[in-house]
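Going down the list, the protein sequences come from chains A and B. The working numbering puts the first residue of the first sequence at 90, with every later residue one more than the last. The working numbering puts the first residue of the second sequence at 4, with every later residue one more than the last. We treat Cβ as the ideally placed atom computed from N, Cα and C, and that holds for glycine. All values reported here derive from a predicted model rather than from experimental measurement. Step one of this worksheet: look at the structure below.
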Amino acid sequence: MDLTLKIWRQKDSKSKGGFKTYHVKDISPDASFLEMLDILNEELIHKGEMPVNFDNDCREGICGACSLYVNGRPHGPDSAITICQVHMRKFKDGSTVTIEPWRSRAFPVISDLMVDRSAFDRIIQAGGYISVSTGGVPDANEIPINKMKADEAMDAAACIGCGACVATCKNASAMLFVSAKVSQLALLPQGQIEAKRRVQKMVKQMDYEGFGNCTNTGACEAECPKEIKLTNIARMNREFIGAKLGAQKMKL
Amino acid sequence: MIKLDAKIPEGPIAEKWTNYKATQKLVNPANKRKLEIIVVGTGLAGAAAAASFSELGFRVKIFGIHDSPRRAHSIAAQGGINATKNYPNDGDSDYRLFYDTVKGGDYRAREANVYRLAEVSNNIIDQCVAQGVPFAREYSGYLANRSFGGALVSRTFYARGQTGQQLLLGAYGALSKEIHSGKVTMFTREEMLDLVIVDGRARGIITRHLITGEIRRHAAHAVVLATGGYGNVFFLSTNAMNSNGSAVWRAYKRGALFANPCFVQIHPTCIPVHGDYQSKLTLMSESLRNDGRIWVPKKKEDAQKIQRGELKPTEIPEEDRDYYLERRYPAFGNLVPRDVASRAAKERCDAGYGVGNTGLAVYLDFADAIKRLGRDAIEARYGNLFQMYEKIVDDNPYETPMMIYPAIHYTMGGLWVDYELQTNIPGLFAAGEANFSDHGANRLGASALMQGLSDGYFVLPYTIQSYLADQITVPDFKTDLPEFDEAEKRVNDELKKLIGIKGSQTVDHFHKKLGHIMWDHVGMARRKEGLEEAIKMIKELREEFWKDVKIPGDLSGKNTELEKAWRCADFLELGELMARDALMRNESCGGHFREEYQTEEGEALRDDKNFTFVANWEFKGVDKEPELHKEPLKYEFIEVKTRNYKE
Ligand SMILES: Cc1cc2nc3c(=O)[nH]c(=O)nc-3n(C[C@H](O)[C@H](O)[C@H](O)COP(=O)(O)OP(=O)(O)OC[C@H]3O[C@@H](n4cnc5c(N)ncnc54)[C@H](O)[C@@H]3O)c2cc1C
Ligand code: FES
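Below is the structure:
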């Protein structure tokens, strides 16, 4: 396959970026999208140019590193998949492919197609866990957990923290990401004890990081490579309102 | 002179760890605050260790090359984690897991370490459940188990096909909690380039910030390396793109011993290679072998027709299929250990019975399981793996058998450590895949996650205190010591040299070439001549690399090619050591198969009399021969036998 690529190039966070056009030839339809970029990069190096920087690691759709906005969609043309798993057979020979980084105030561009997603880490640090220390815990089978609940928790826990939800949202809201963690833990008896505290702290940090509000457009769910559900947002809203109304007064 | 002391505690095997803990030195809470630990790596081993150290009261600095600790390669583990809970009541016990692991490792692992691993395995499951890890459950609400290769019991806990992800997110949660508390400082996108040794002790590291290019110094009372495995020396492997061997290699070059470098694991069930542009290989979890049956055509003509695309696997009648694992190993069938399954696949393909257009693939067939359990049950068990397969290969595994082939997956070798997980450099510890400790010559499935978390949560938090108890009067280190100057200069010189070459070939060009040499000669089957040839070829390739590699840009700012070049330069040395180790080991054991040493039936032939030892290599200079130090292995609690998976 031959393709024209329009790629966002930006040296570093301080530079102004812009699109540059490249051509790649004889790409196998069985190559992955990132392998196609590898091929382009090899050519660029040979020409003495800087290769295109993009985050990636596992190339199996699980680490959440890859984060490309391709032809106007996070992770490209296919659904329920990360861009590292998309293969070139999904593109038309001779077509033009536009590749951009995630665009969001909370995710500043670092270099070319790489963005800084550390805001997600700080939201988790604010409370996205069960505050248990190593050791001194009961036997794993001491608390039976309803299988459906456990499965639902797993559905939410499948989030890979890639940020596609933020990238696709017109408000750049992080609600899907935050609610997935809130839900996972709120669904499990172990997590319920500090559920109220958790949701308040995480939401506070989310607001602080500059993510936008959720207006229920549902774009995040549609683009999530792991099919994290909007129902998580509803659950988080309930948890949040419950926590606010609840008697538990706490300092954040 | 290096003196190796594994520091194995006295007493019966089941009491060693208890005895150790009862008598070891501890650091009192007030003193813990005075001590600082560097942890390199945020995978299961690193994140678990850092969180646990901090909970105890130590100050911690943790480093990773990723943008977030959650992206460490552990995230990709699929199948599961072992523990001896014996919930299914099928006869499991600490001793059995210990036995299976030592046997699975072909009697090349240290008994005491392995027993401890089995002993703490249950604590790991308890800990993870308390953290909210959503393991699979039965309708009763209790935890579910499945079986993995090399075991006759169901002891594997799992979270769909994403066990590593869920365990890592649990550890990442614990780490995040401690970062929030202020006792752990996280350094993301910061790569360790060298180890700093002061008066014979590990006291710090030199790093490069991967975005700014800045070279930095960090000091601490002890350094823990949890930087994962070096499987990417083969270029193509199931490891993540950025997995590398550089941190351990630098430690080796500073004097740490490298143990059993040639012990690498080749995983039998990976998606076959399809083109030379290929950047990595994708694993199809071992758990698939619970329900999938492996076969190739019985008739060579059929195999050839399939290779030419003239015949479909579903058109081959039952009687013309060779379920070669079930045929050769009736007791374990499709669940033989990985090394055995991989070699059996290679044997069939080399004999001309392979499938796919290259003839380098075998079938993993779910038709029987779907018939028996229904499509829904199979989808519930393996849905995400099937989906992944379909996305990559464009074939529907519910309807046609999967095609698989062995690929490099895991490295059992690593830094030599004693029972306390300390290397021979005082103050330098190694955990997780980065050390050599528990798997001998072959690792059983679902035991790397167990080992990483065991090292991080339950072993190091104790053993590191034995070392640190002596350090309480040592004030915080300054990074202006001459040893730091020297190490930083060494790093800068090497970076300048690399960027200054301005040659004509890319890093990947050299890395791929190295990968081919390794796969052909230091891969699934090795022989003396091939290994000697490999050593020569790697040397030549290394020379060529240092003359002709082309790295664009400069040392400042983001420079991915420079990062790759640094790691590739180390692989070009490490590959040679692996070949030397394989050449020295005149026997076949576990993943190390020397063609000269096999039984008439083609099984690995060990030489216990001469090779029951850990091979530890001491660095003597890049183009000099390393020195071998043997740690003899004693089997006091297990009878050493020939591995037998037939009956
Ligand atoms: C596809 C796949 C599936 C697997 N499935 C299973 C399974 O089902 N069960 C099982 O038990 N095992 C499995 N394994 C093996 C297991 O996942 C790994 O052995 C284990 O996760 C390694 O953990 P670790 O903590 O030692 O290292 P890793 O998770 O590899 O972490 C290494 C860390 O070191 C950091 N790092 C590396 N170099 C540097 C440097 N120079 N400077 C700073 N930081 C550095 C990285 O950023 C990372 O944080 C699987 C492996 C693969 C590849
Ligand atoms: S590279 Fe890991 S999810 Fe894409």
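Between residue i and residue j, how many whole angstroms is the CB-CB distance? I'm expecting something under 8 Å.
{"i": "proline 233 of chain A", "j": "tyrosine 142 of chain B", "result": "The pair is not a contact, with the Cβ atoms about 10 Å apart (cut-off 8 Å)."}
{"i": "glycine 83 of chain B", "j": "alanine 449 of chain B", "result": "4 Å"}
{"i": "tyrosine 297 of chain A", "j": "serine 179 of chain B", "result": "Not a contact, Cβ separation roughly 16 Å."}
{"i": "arginine 192 of chain B", "j": "leucine 213 of chain B", "result": "4 Å"}
{"i": "glutamate 579 of chain B", "j": "isoleucine 541 of chain B", "result": "5 Å"}
{"i": "valine 267 of chain A", "j": "valine 226 of chain A", "result": "Wrong, their Cβ atoms sit about 26 Å apart, outside the cutoff."}
{"i": "glutamate 289 of chain B", "j": "threonine 317 of chain B", "result": "Wrong, their Cβ atoms sit about 24 Å apart, outside the cutoff."}
{"i": "glutamine 273 of chain A", "j": "isoleucine 182 of chain B", "result": "Actually they are not in contact, since the Cβ atoms of glutamine 273 of chain A and isoleucine 182 of chain B sit about 20 Å apart, beyond 8 Å."}
{"i": "leucine 100 of chain B", "j": "valine 494 of chain B", "result": "About 42 Å; that fails the 8 Å criterion."}
{"i": "lysine 486 of chain B", "j": "glutamate 194 of chain B", "result": "Note that residue 486 of chain B corresponds to glutamate in the displayed sequence, not to lysine. Actually they are not in contact, since the Cβ atoms of glutamate 486 of chain B and glutamate 194 of chain B sit about 20 Å apart, beyond 8 Å."}
Does ligand 1 have a heavy atom nearer than 7 Å to the CB of residue i?
{"i": "tyrosine 392 of chain B", "result": "no"}
{"i": "methionine 244 of chain B", "result": "no"}
{"i": "serine 121 of chain A", "result": "no"}
{"i": "histidine 76 of chain B", "result": "yes"}
{"i": "glycine 232 of chain B", "result": "yes"}
{"i": "serine 288 of chain B", "result": "yes"}
{"i": "glutamine 81 of chain B", "result": "yes"}
{"i": "asparagine 235 of chain B", "result": "no"}
{"i": "asparagine 445 of chain B", "result": "no"}
{"i": "alanine 250 of chain B", "result": "yes"}
{"i": "serine 450 of chain B", "result": "yes"}
{"i": "methionine 237 of chain A", "result": "no"}
{"i": "glutamate 491 of chain B", "result": "no"}
{"i": "leucine 338 of chain B", "result": "no"}
{"i": "glycine 533 of chain B", "result": "no"}
Using alpha carbons as the reference points, say which of the options lies closest to residue i.
{"i": "methionine 177 of chain A", "options": "A:Leu126, A:Ser156, A:Arg286", "result": "A:Leu126"}
{"i": "valine 136 of chain B", "options": "B:Arg158, B:Val123, B:Tyr175", "result": "B:Tyr175"}
{"i": "methionine 453 of chain B", "options": "B:Asn116, B:Glu598, B:Arg74", "result": "B:Asn116"}
{"i": "methionine 287 of chain B", "options": "B:Gln81, B:Lys303, B:Arg163, B:Arg74", "result": "B:Gln81"}
{"i": "histidine 112 of chain A", "options": "A:Arg327, A:Asp182, A:Gly137, A:Ala154", "result": "A:Asp182"}
{"i": "glutamate 350 of chain B", "options": "B:Lys283, B:Trp298, B:Leu314", "result": "B:Trp298"}
{"i": "aspartate 95 of chain B", "options": "B:Phe61, B:Arg149, B:Gly108, B:Phe138", "result": "B:Arg149"}
{"i": "glycine 232 of chain B", "options": "B:Val251, B:Ala572, B:Arg219", "result": "B:Val251"}
{"i": "phenylalanine 261 of chain B", "options": "B:Ala306, B:Asn427, B:Asp557", "result": "B:Asn427"}
{"i": "tryptophan 549 of chain B", "options": "B:Cys571, B:Arg609, B:Arg583, B:Gly167", "result": "B:Cys571"}
{"i": "glycine 533 of chain B", "options": "B:Asp557, B:His514, B:Lys481, B:Glu598", "result": "B:Glu598"}
{"i": "cysteine 251 of chain A", "options": "A:Ala263, A:Gly299, A:Asp167", "result": "A:Ala263"}
{"i": "serine 77 of chain B", "options": "B:Ser440, B:Leu456, B:Arg211, B:Lys374", "result": "B:Leu456"}
{"i": "leucine 328 of chain B", "options": "B:Tyr401, B:Lys6, B:Cys592, B:Lys649", "result": "B:Lys649"}
{"i": "serine 193 of chain A", "options": "A:Gly301, A:Phe143, A:Thr185, A:Asn326", "result": "A:Gly301"}
{"i": "glycine 106 of chain A", "options": "A:Ile188, A:Glu149, A:Glu131", "result": "A:Ile188"}
Examine ligand 2 and report whether any of its heavy atoms sits within less than 7 Å of the Cβ of residue i.
{"i": "aspartate 146 of chain A", "result": "yes"}
{"i": "isoleucine 249 of chain A", "result": "yes"}
{"i": "isoleucine 170 of chain A", "result": "no"}
{"i": "alanine 154 of chain A", "result": "yes"}
{"i": "glutamate 566 of chain B", "result": "no"}
{"i": "cysteine 173 of chain A", "result": "yes"}
{"i": "glutamate 322 of chain B", "result": "no"}
{"i": "glutamate 149 of chain A", "result": "yes"}
Compare the C-beta of residue i against all C-beta atoms of chain C and say whether one is closer than 8 Å.
{"i": "arginine 206 of chain A", "result": "Although the question refers to chain C, the structure presented lacks it and instead comprises the protein chains A and B."}
*Anything in the stretch 128-160 of chain B with a Cβ closer than 7 Å to a Cβ of chain A? List those residues in chain order, please.*
Ile128, Asp129, Gln130, Val132, Ala133, Gln134, Gly135, Pro137, Arg140, Glu141, Tyr142, Ser143, Gly144, Tyr145, Leu146
*Pull out every residue of the stretch 377-396 of chain B whose Cβ sits closer than 9 Å to any Cβ of chain A, in chain order.*
Asn387, Gln390, Met391, Lys394, Ile395, Val396
*Please list the residues of the stretch 218-239 of chain B that have a C-beta atom closer than 7 Å to any C-beta atom in chain A, keeping them in chain order.*
none
*Taking Cβ-Cβ distances below 7 Å as the criterion, which residues of the stretch 498-512 of chain B are in contact with chain A?*
Thr509, Asp511
*Can you list, in chain order, the residues of the stretch 237-264 of chain A whose Cβ is nearer than 7 Å to any Cβ on chain B?*
Ala239, Ala242, Met243, Ala246, Ala247, Gly250
*Contact set between the stretch 50-71 of chain B and chain A, restricted to residues whose Cβ is under 8 Å from the partner*: Ala51, Ala54, Ser55, Glu58, His69, Asp70, Ser71
*Proximal residues, the stretch 268-279 of chain B versus chain A, C-beta separation under 9 Å*: His277, Gly278
*Check each residue of the stretch 164-185 of chain A: if its Cβ is closer than 9 Å to any Cβ of chain B, include it; give the result in chain order.*
Asp167, Ala169, Ile170, Gln174, Val175, His176, Arg178
*Which residues, in order along the stretch 31-52 of chain B, keep a beta-carbon less than 9 Å from a beta-carbon of chain A?*
Ala51
*Just by C-beta distance, which residues in the stretch 273-295 of chain A are closer than 8 Å to chain B?*
Gln273, Leu274, Leu277, Gln279, Gly280
*Could you please tell me which residues of the stretch 302-325 of chain A, in chain order, have their CB closer than 9 Å to any CB of chain B?*
none
*Residues of the stretch 467-486 of chain B with a CB closer than 8 Å to any CB of chain A: list them in chain order, please.*
none
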